[in-house]
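Colleague: Below is the structure I would like to discuss, written out as structure tokens.
As structure tokens, this is what we get:
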């Protein structure tokens, strides 16, 4: 389909393991966002990529979290040494043109459970 | 840290009622204000992107207004239907050094009873 694709849709892992979450944005969208929603909480900003500019990483909660976007397209969010508080739904979104002015198109999310 | 507040936190209305809720944001350095609808088991979907003070947008029975000088936006739903039940989110961008960064409010959970 032409929408934002995320994988895996569900991931259960043990505390201390590393996980990778993938986001395939809509073709041609230059802005890409990662958010997460923990149980009972709102959407928490994690990181924002805009074209070839340096990403805004101000929302990453610790240095265990990192993200990259290769070739201006696919993005991977990596969480090292997962902790139980990392359990959440991780949502990726993309938009066309200057971020902030274009509506966001969200993926279905990756639900992460850390045991 | 940007403070984006939504009220009320939740709302229960009867089918046919009209309703409205509020998004408050910092009144300085406005860049854009978005509204999204998030239905259970689905992804958030955009309703409106608003950029100018005094903007009014409408989509069917849903409309929104924007006051950037005082830092608020209202979302209105006329003649609510059960299918309008969802969480309504607003998101704000302040046009700072990362002008595209969108900070979301906590959302208003709307339940429309038949």
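Residue numbers (the working numbering), protein chains in the order written: chain A, 1 to 115; chain B, 116 to 229.
Glycine residues also receive a C-beta, built at the ideal position from the N, C-alpha and C atoms.
Values in this document were obtained by computation on a predicted structure and should not be read as measured data.
1) Which residues in the same chain as residue 83 of chain A place their Cβ atom closer than 7 Å to its Cβ, once the five residues preceding and following it in sequence are excluded?
2) Going by DSSP in three states, residue 30 of chain A sits in which element: helix, strand or coil?
3) Whole-angstrom Cβ separation of residue 227 of chain B and residue 128 of chain B, contact assumed at under 8 Å?
4) Looking only at DSSP bridge pairs, what is residue 226 of chain B linked to?
5) Would you mind reading off the limits of the beta strand (DSSP E) that contains residue 160 of chain B?
6) DSSP puts residue 219 of chain B in a beta bridge; with which residues?
7) Please name the residues in the region 151-163 of chain B whose beta-carbon is closer than 7 Å to at least one beta-carbon of chain A, in chain order.
8) Using a beta-carbon distance cut-off of less than 9 Å, what residues from the region 88-103 of chain A approach chain B?
9) Near residue 216 of chain B, which residues of its chain fall below 7 Å by C-beta distance, leaving aside the five closest residues on each side in sequence?
10) Taking the alpha-carbon positions, what's the residue 223 of chain B to residue 45 of chain A distance?
11) Counting Cβ pairs closer than 8 Å, one from the region 166-173 of chain B and one from the region 117-125 of chain B, do we hit at least three?
12) Looking only at DSSP bridge pairs, what is residue 94 of chain A linked to?
13) For residue 220 of chain B, would you say it is in contact with chain A, using Cβ-to-Cβ distances shorter than 9 Å as the test?
14) Give, in chain order, every residue of the region 65-87 of chain A whose Cβ lies closer than 8 Å to some Cβ of chain B.
15) To the nearest angstrom, report how far apart residue 59 of chain A and residue 47 of chain A are at their CA atoms.
16) State the Cα-Cα distance for the pair residue 33 of chain A and residue 92 of chain A, rounded to the nearest angstrom.
17) So which of B:196, B:156, B:138, B:195 has the shortest CA-CA distance to residue 180 of chain B?
18) Closer than 7 Å by beta-carbon distance: list the chain A residues that pair up with residue 146 of chain B, in chain order.
19) Work out the CA separation of residue 229 of chain B and residue 116 of chain A for me, nearest whole Å.
Modeller: The relevant details are as follows:
1) 15, 114
2) coil
3) About 6 Å separates the two Cβ atoms, so the contact holds.
4) B:127
5) 160-165
6) For residue 219 of chain B, which the question treats as bridged, DSSP gives the partners B:206.
7) 158, 159, 161
8) 91, 93, 95, 98, 99, 100, 101, 102, 103
9) 208
10) 18 Å
11) no
12) A:32, A:105
13) yes
14) none
15) 6 Å
16) 6 Å
17) B:138
18) Contacts between residue 146 of chain B and chain A, judged by CB atoms closer than 7 Å, involve 100 in chain order.
19) What is shown of chain A runs 1 to 115, which leaves residue 116 of chain A out entirely.
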